Structures are given as structure tokens and as C-alpha cells.
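Novice: Residue numbers (our numbering): 1 to 245. No residue lacks a Cβ here, since even glycine has one placed at the ideal position from N, Cα and C. Predicted model only: the values in this text are computed from it and were never measured. The structure under discussion is supplied below as C-alpha cells; questions concerning it will follow.
Here is the structure:
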């Protein structure tokens, strides 16, 4: 079943717009919500993890994909599945470049952040819809990006990239990843943190140790001096002593 894609111009946030669409569709209009995606080329109020600002200058791909009743086992690791899909799509478009997933929700090109992911959900009655927000710096001027941000325009040379083609490629790969029982093997291929010393914060706790992959729920495995921690949530603060933000 193909995706229905709505092309928007500048918008506050595709996730915010999509959430309003879902609520209206379920309670009023009866419009379909499964396999509907919204894409824009700039956002004025993009959101990231923990309601951080997601800088969204012109030239990027800002997309929210709606999935109704995703399989239960995919719901918790969904940000990682979306990261795998994004890495796979971008690697096919720009072969030879190094794309990786940095737990919990970033995609890197080399050492720079090129994409971010924000997954949210809406439950109304017996309806459950997941919003998969993916922002990619496509033709974005790197000077407009925050600390350690980068853009696809720096990779591979050539003319500006086709934003719609990138959206189509990511959605195609998202379908494949959501049905892949061996997604952890795919993640291992793209895992930026594996074997690196990390510092994470969850509420008031600081955890330091060596990243050792993820389990099937998407939790990060961290080997510390006090034992093994499974991080289901948290902010990545440092990698090898270097600040992430």
C-alpha cells in the first residue's frame, strides 16, 4: 500500500500539524491516518527530544509519517528503526559516505549530525497512531546549523538534492525496517556508539561507561564500573569526553 504524502511549505512543526490532523480525522472527518506523511522544507517551531528546539532552516526535509497500530514490539525501539531506515536510504543515495545512528535519535554523517528523529503517539479510544518525525539537513547551509551539525550538501558533490526523492526513499526503507525481525543486526551495522565511552543523564543520575549495543526494546547497554545498565531513556551528554551539544 503506497504512502499518501502531503507537501507543505513552511510550517511550525510537521509533528504538531500531523497531531492535529490525527485528532481531527479520528473525532470528526474520518479521514485515513495510516500511511499518511507530511513533508515541509522549513519549520518555524521544530521540536526535538524533551521539547528541545530542533533548528529547521530552509533547504531541509522535515517529515512526519503516521502509522496506525504499529506492531507492539516495534513501538519502544521505533526511533532506532527510523534511524536505521534513514541511514539505509541516505547510504543508497550517497554511496561511499559514512552514515551512522547515534542512540537514541540522531543520524550522523561522519562526525556531524545530519538528521534527528522524534517519535510521538496519540491514543483516542481504541485508535493508536504513532507519529514518526524525521528531520534531515538536505540542502541546508551548514552555517545555519547548530553545534556539530552538517548537511548532505557537503557530501558527494553535485547539484542540490531532490528532497521529495529522499522522503520517498526513507519511507520505503521505514516499511522494510518495521517488518525486519533482524533489525538489531542492521543497527549493529550503523551503531555509532558501540565500544565508545559515553556519559548519559537520566533525571538526576549520571551514568558513565562503555556503550555495548542495544537490546530488542531499543535500550542502550552500558558497561559501567558498577555493572551493566540498560538505558531505556536519557540524554547523551558526552562521547569519549566530547560534548554532544
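Quick one: complete alpha helix (DSSP H) runs, 4+ long, within the stretch 158 to 204?
Specialist: 163 to 178 and 183 to 190
Novice: Is it buried or exposed for residue 143, if we count other Cβ within 10 angstroms and need 16 for buried?
Specialist: exposed
Novice: Does the Cβ of residue 77 have 16 or more other Cβ atoms within 10 Å, making it buried, or fewer, making it exposed?
Specialist: buried
Novice: I believe residue 88 touches residue 184 by the beta-carbon criterion, under 8 Å. Please report the beta-carbon distance rounded to the nearest angstrom.
Specialist: The pair is not a contact, with the Cβ atoms about 14 Å apart (cut-off 8 Å).
Novice: As a quick exercise: from 196, 139 and 180, pick the residue whose alpha carbon is nearest that of residue 41.
Specialist: 139
Novice: Thinking C-alpha only, which one of 168, 190, 219 and 233 is nearest residue 38?
Specialist: It is 168 whose Cα lies nearest to the Cα of residue 38.
Novice: Short of 7 Å in beta carbon distance, which residues of its chain neighbour residue 15, apart from the five on each side in sequence? Order them along the chain.
Specialist: 47, 64, 118, 120, 131 and 133
Novice: Using the beta-carbon count (16 or more within 10 Å), is residue 217 buried or exposed?
Specialist: exposed
Novice: Taking C-alpha atoms, which residue in 109, 101, 26 and 27 lies nearest to residue 94?
Specialist: 109
Novice: Rounded to a whole number of angstroms, what is the C-alpha to C-alpha distance between residue 224 and residue 135?
Specialist: 32 Å
Novice: Ignore the nearest five residues each way along the sequence and tell me which others in residue 1's own chain have a CB closer than 7 Å to its CB.
Specialist: Answer for residue 1: 35, listed in chain order.
Novice: Which value, in whole angstroms, describes the spacing of the CA atoms of residue 230 and residue 241?
Specialist: 21 Å
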